[in-house]
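Here's the structure, in structure tokens; my notes come after.
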Amino acid sequence: MEKKLVFSGVQPTGSLHLGNYLGALKNFVDLQKNNECIYCVVDLHAITVFQDPKELRDNILETTAAFLASGLDHKKSIIFNQSSVSGHAELAWILNCVARIGWLNRMTQFKDKAGKDREKASVGLYIYPNLMAADILLYKSTHVPVGADQKQHLELCRDIAQRFNNDFKKNIFPIPEPLIQKNISRVMSLRDGTKKMSKSDESSYSRIDLKDSADEIVKKIKKAKSDSLPIPESLSELDSKPEALNLLNIYSDLNKSTLEKTLNEMKGKDYSYLKNKLSEILIEIICPIGKKITQFLDDKTFLEKVINEGSEKANKIAQKNLKEIKNTVGFL
Ligand code: AQP
Numbered sequence: 007m008e009k010k011l012v013f014s015g016v017q018p019t020g021s022l023h024l025g026n027y028l029g030a031l032k033n034f035v036d037l038q039k040n041n042e043c044i045y046c047v048v049d050l051h052a053i054t055v056f057q058d059p060k061e062l063r064d065n066i067l068e069t070t071a072a073f074l075a076s077g078l079d080h081k082k083s084i085i086f087n088q089s090s091v092s093g094h095a096e097l098a099w100i101l102n103c104v105a106r107i108g109w110l111n112r113m114t115q116f117k118d119k120a121g122k123d124r125e126k127a128s129v130g131l132y133i134y135p136n137l138m139a140a141d142i143l144l145y146k147s148t149h150v151p152v153g154a155d156q157k158q159h160l161e162l163c164r165d166i167a168q169r170f171n172n173d174f175k176k177n178i179f180p181i182p183e184p185l186i187q188k189n190i191s192r193v194m195s196l197r198d199g200t201k202k203m204s205k206s207d208e209s210s211y212s213r214i215d216l217k218d219s220a221d222e223i224v225k226k227i228k229k230a231k232s233d234s235l236p237i238p239e240s241l242s243e244l245d246s247k248p249e250a251l252n253l254l255n256i257y258s259d260l261n262k263s264t265l266e267k268t269l270n271e272m273k274g275k276d277y278s279y280l281k282n283k284l285s286e287i288l289i290e291i292i293c294p295i296g297k298k299i300t301q302f303l304d305d306k307t308f309l310e311k312v313i314n315e316g317s318e319k320a321n322k323i324a325q326k327n328l329k330e331i332k333n334t335v336g337f338l
């Protein structure tokens, strides 16, 4: 069987949350067991929206700490920050000239993030998906674990790779495959079940941060929106109750169960029952990760060493591939 080369990234835009863990990090850890993996703290992506420089530096270290605390092993996987390998930005420029404006205009995340005031969004935010394609293709990655929210960007990356290969009549890039979490691919906000849980949501009650204490978890889950009626019997009844569905989904995933089994166990009960069970399992799984993040952050020299070593390894692969890509394009 062909060996997978896995690439994925996380933006250092704040403390990581349960959505990042269930939608990405948990999967990253499983994948590192049998595959070559490259995990990147994507700081170039972060600055598509203004970041305070001091906070950005802290967040790069904190995201690295969260990678390690979740179980990533820097000896097995390459862990580094994007801006330390210049190949990402170089390839992004080449791909800017391959991607079509019409393709970018279809990206829903830009529309969501830019909001109504699109004219004032940075150009970087608009071409963010091209940089994401460069991140993946720079290493000739074959598989990309992403949350469902990133699926459209990965499809664009596949189109760009295909177009590059066709334009230059050479099979330079593999066409990367998405690896989407089976059970829960999208963790929603605890305040609004139609919005994804996000670092940048103004309300901290909308998310469980990986560094939350047991008390904070209990408080946030207590305050989470649910439903006034008891837990229903069937999946179809949850269609119109996105907040209730989200809590049941999170519980099922953490409990390594299915939504059907959870409903069977909880039908007819009040949401306070689910919330107690959910708080317990969150405390059991998330609090140890949070403690490890804090411990790693106490040793910044170690975190910097992990990043520097990872950058060196990533740069070696990037330079080799970039040489071939530049030669293909016709650069001297
Ligand atoms: N709510 C989520 N459910 C499932 N997966 C999620 N991911 C993020 N939020 C959820 C996945 O985590 C990985 C890293 O995401 P990111 O932090 O680089 O970017 P993002 O998706 O833009 O995350 P946020 O929290 O919404 O950040 P801000 O607020 O800064 O934009 C990705 O694989 C993503 O799918």
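For the sequence shown, this note's numbering gives the first residue as 7, with consecutive numbering after it. C-beta atoms are modelled at their ideal positions from N, C-alpha and C, and glycine is treated no differently.
DSSP places L244 in the helix class (H, G or I) of the three-state scheme. Scanning its chain for C-beta atoms nearer than 7 Å, with the 5 sequence neighbours on each side dropped, one finds around A320 the residues I44, I84, F86, V91, in chain order. Linking D198 to L244 through their CA atoms gives a straight-line distance of about 15 Å. Three or more Cβ pairs closer than 8 Å define a contact, and the stretch 206-214 falls short of that threshold against the stretch 159-174. The stretch 285-301 makes no contact with the stretch 49-66: fewer than 3 CB pairs, one atom from each, lie closer than 8 Å. Cβ contact annotation for L131 (same chain, cutoff 7 Å, sequence separation greater than five): T54, V55, F116, K119, A120, in chain order. Of the candidates K10, I256, L101, N136, I256 places its Cα closest to the Cα of I292. At least one heavy atom of ligand 1 lies closer than 8 Å to the C-beta of S204.
Note on N333: under 16 other CB atoms within 10 angstroms of its CB, so exposed under the neighbour-count rule. N87 sits in a strand when the DSSP states are folded into three classes.
The bridge partners DSSP lists for S14 are Y45. Between A75 and G153, the beta carbon gap of about 19 Å keeps them out of contact (Cβ cut-off 8 Å).
Within the stretch 202-243, the complete alpha helix (DSSP H) segments of 4 residues or longer fall at 220-229, listed in chain order. For K226, the Cβ stays outside the 8 Å cut-off from all heavy atoms of ligand 1. Remark: the shortest separation between the CB of L22 and any heavy atom of ligand 1 falls under 8 Å. When beta bridges are read from the DSSP output, L338 appears opposite no residue. Judged by DSSP in its simplified three-state form, V312 adopts helix. Judged by the Cβ position, H80 fails to qualify as a neighbour of ligand 1 at the 8 Å threshold, every heavy atom of the ligand being at least this far. Scanning its chain for C-beta atoms nearer than 6 Å, with the 5 sequence neighbours on each side dropped, one finds around L22 the residues A72, L216, in chain order. Counting along the chain, V150 sits inside the beta strand (DSSP E) bounded by residues 149-151. Close CB contacts of L24 within its chain, under the 6 Å cut and outside five residues either way in sequence, are with V193, I214 (chain order). In this structure the stretch 159-170 touches the stretch 128-144; the number of beta carbon pairs closer than 8 Å is three or more. Between M113 and L78, the C-beta spacing is not below 9 Å. By the neighbour-count definition (other C-beta atoms within 10 Å, threshold 16), V129 is an exposed residue. A straight-line Cα-Cα distance of about 8 Å links N102 and I133.
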